[in-house]
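Worksheet: one structure, shown below.
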Amino acid sequence: MGVVDWLALVLLWGAAISRIRPAMYSVPQRMLWGAFTSLALSRVFSAVPVVAWLDATTHTELATLLRHLTGLLSVTYLLAYVETIIQRVPDRSRARWIWSIAAAVMAVLTLMFLLRGGRIYWVDGAYAPGETAWQGRVYLAVFDAWLMTCLASAGWMFARYARKAPTLLRVGLVLSTVGMVSGVINRAEVMIVNVAHLLVPDTTWAESPVFGQMTLLVCIVGITAGTSIPAWRAGAARLREMRIMRELRPLWDALTGLYPDVALGMKGTLQTRRVRQVVEIRDGMLKLTSVSEAPASENPREVAEWLRSSLEAARERDEVGVPSGNIPGPDFAGDIERETAWLLQVSAAFRQPGGKRAVSPAS
């Protein structure tokens with residue numbers, strides 16, 4: 550395992566470990582975690598000590614099969630990831646097609662491996678490296694065909710989207726595209742040599758180790774660096790949504806504690822839940838206008854004062870009035886981002902009335 554392999558392994562495990570809890574992430578982030586983890590495993594099965602131990606223990610080329618299967622799993626995850634983040638309306642039938650083809654390819658490779666008695670490359674014996682058998686070259690052609698298809702398709706989608714993406718995201722897309730193109734070139738060299746040997750068995754064509762190592766390194770570095778940028782943007786957006794929901798929570802707790810029927814109870818992405826939280830707060834404000842008329846002022850601090858006094862009054866009375874229909878605040882004309890920004894100011898003032906804590910809904 551050379552320097553390039555070790556560097557690639559460090560990069561890949563670093564990328565995978567940085568997403569160590571995939572269950573808490575969105576579907577695209579879990580796909581990216583799967584891509585990095587699978588590719589890192591494929592490099593582990595490339596390590597000479599691992600290959601030697603597995604081959605000696607099983608008397609088969611099991612390490613090679615595992616390397617190929619995890620590599621195919623990685624590029625399939627990568628293609629599914631690109632498909633998910635690029636398509637505004639994801640085509641589920643196409644996603645199923647991607648995974649169906651990948652499963653078929655991996656099944657064919659496993660079957661070929663079993664039918665040859667645990668061999669892929671070697672002609673004479675499973676534990677005696679030598680000349681590659683023609684069946685092994687067919688095996689590699691199947692492997693390379695799907696791997697190149699995934700990389701080329703993902704690179705094409707990234708390159709098309711890069712033209713209209715924001716500057717930082719465009720840099721990531723370009724780096725990813727370069728990495729995928731390098732991966733296609735890397736496998737194209739292998740495929741050309743294999744096909745040449747199938748057509749002309751006595752040809753002297755051979756792969757260039759240096760060229761193969763460099764194109765592999767560019768592929769891994771480009772994809773790792775490039776996909777980390779949109780992943781970082783997605784993570785930053787997630788943290789922003791979590792912060793907004795946390796800052797709106799005291800106001801939301803007070804209103805839904807008094808009017809539990811305004812809580813919709815819907816599930817969804819963080820953004821969906823944040824929008825739901827804003828809607829529920831506004832519905833609670835509307836119900837609160839049955840207690841006292843909403844202030845004409847749009848000042849967040851004055852609205853927060855109205856909320857505190859109205860909530861206290863609502864807790865002290867049993868009868869239910871009729872909402873006036875005038876919700877405090879500006880007319881946002883459906884602009885949820887402006888409405889959220891304004892409610893954050895109201896919530897901040899509500900939490901600290903004159904430097905003191907707001908009255909608990911349960912009091």
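Sequence positions in the sequence shown follow the working numbering and run 550 to 912.
C-beta atoms are modelled at their ideal positions from N, C-alpha and C, and glycine is treated no differently.
Quick caveat: nothing in here was measured; it's all calculated off a predicted structure.
Exposed unless 16 or more other CB atoms sit within 10 angstroms - verdict on residue i
{"i": "S725", "result": "buried"}
{"i": "Q578", "result": "buried"}
{"i": "F899", "result": "buried"}
{"i": "I830", "result": "buried"}
{"i": "F760", "result": "exposed"}
{"i": "G620", "result": "buried"}
{"i": "P655", "result": "Checking the sequence shown, residue 655 turns out to be Met, not Pro. Per the 10 Å Cβ criterion, buried."}
{"i": "V597", "result": "exposed"}
{"i": "E609", "result": "The residue asked about is misnamed: residue 609 is Thr in this sequence, not Glu. Classification for T609: buried."}
{"i": "E632", "result": "buried"}
{"i": "R616", "result": "buried"}
DSSP-derived helix/strand/coil call for residue i
{"i": "V681", "result": "With the sequence shown as reference, residue 681 is identified as Thr, and Val is not the correct amino acid for it. Reduced to three states, the DSSP call for T681 is strand."}
{"i": "I913", "result": "Residue numbering for the chain in the displayed model covers 550 to 912; residue 913 lies beyond these limits and cannot be assessed."}
{"i": "Q762", "result": "helix"}
{"i": "W781", "result": "helix"}
{"i": "P879", "result": "coil"}
{"i": "R616", "result": "helix"}
{"i": "F594", "result": "coil"}
{"i": "A843", "result": "coil"}
{"i": "A572", "result": "Because the pLDDT of A572 is 41, which lies under 50, any placement of that residue in the model is unreliable, and the number read from its coordinates should be weighed accordingly. Three-state result, A572: helix."}
{"i": "T609", "result": "coil"}
{"i": "R866", "result": "coil"}
{"i": "W754", "result": "coil"}
{"i": "D604", "result": "helix"}
{"i": "Q894", "result": "helix"}
{"i": "Q578", "result": "helix"}
Under 7 Å between C-beta atoms of residue i and residue j
{"i": "T773", "j": "N735", "result": "no"}
{"i": "P849", "j": "Q894", "result": "yes"}
{"i": "C768", "j": "G721", "result": "no"}
{"i": "L835", "j": "S859", "result": "no"}
{"i": "L807", "j": "A863", "result": "yes"}
{"i": "I885", "j": "V824", "result": "yes"}
{"i": "V852", "j": "P879", "result": "no"}
{"i": "V730", "j": "G704", "result": "yes"}
{"i": "Y670", "j": "T681", "result": "yes"}
{"i": "T500", "j": "L622", "result": "Because the chain is modelled from 550 through 912, residue 500 falls outside the range shown and cannot be assessed."}
{"i": "R686", "j": "H746", "result": "yes"}
{"i": "M706", "j": "I635", "result": "yes"}
{"i": "S896", "j": "E796", "result": "yes"}
Residue i versus residue j: straight-line alpha-carbon distance, rounded
{"i": "T889", "j": "V827", "result": "7 Å"}
{"i": "A711", "j": "A652", "result": "30 Å"}
{"i": "W781", "j": "A584", "result": "16 Å"}
{"i": "R592", "j": "T607", "result": "20 Å"}
{"i": "W855", "j": "A882", "result": "23 Å"}
{"i": "V744", "j": "S757", "result": "16 Å"}
{"i": "G728", "j": "L819", "result": "31 Å"}
{"i": "A708", "j": "V723", "result": "7 Å"}
{"i": "W801", "j": "C699", "result": "46 Å"}
{"i": "P750", "j": "I647", "result": "34 Å"}
{"i": "S846", "j": "L717", "result": "40 Å"}
{"i": "L913", "j": "G666", "result": "The chain is shown only over 550 to 912; residue 913 falls outside these bounds and no answer can be derived."}
{"i": "A737", "j": "L696", "result": "10 Å"}
{"i": "T625", "j": "R645", "result": "11 Å"}
Any chance you could list the alpha helix (DSSP H) runs of at least 4 consecutive residues sitting entirely within the stretch 786-838, in chain order?
-> 819-837
Where in the stretch 682-752 do unbroken runs of the beta strand (DSSP E), each at least 3 residues long, occur, reported from the N-terminal end onward?
-> none
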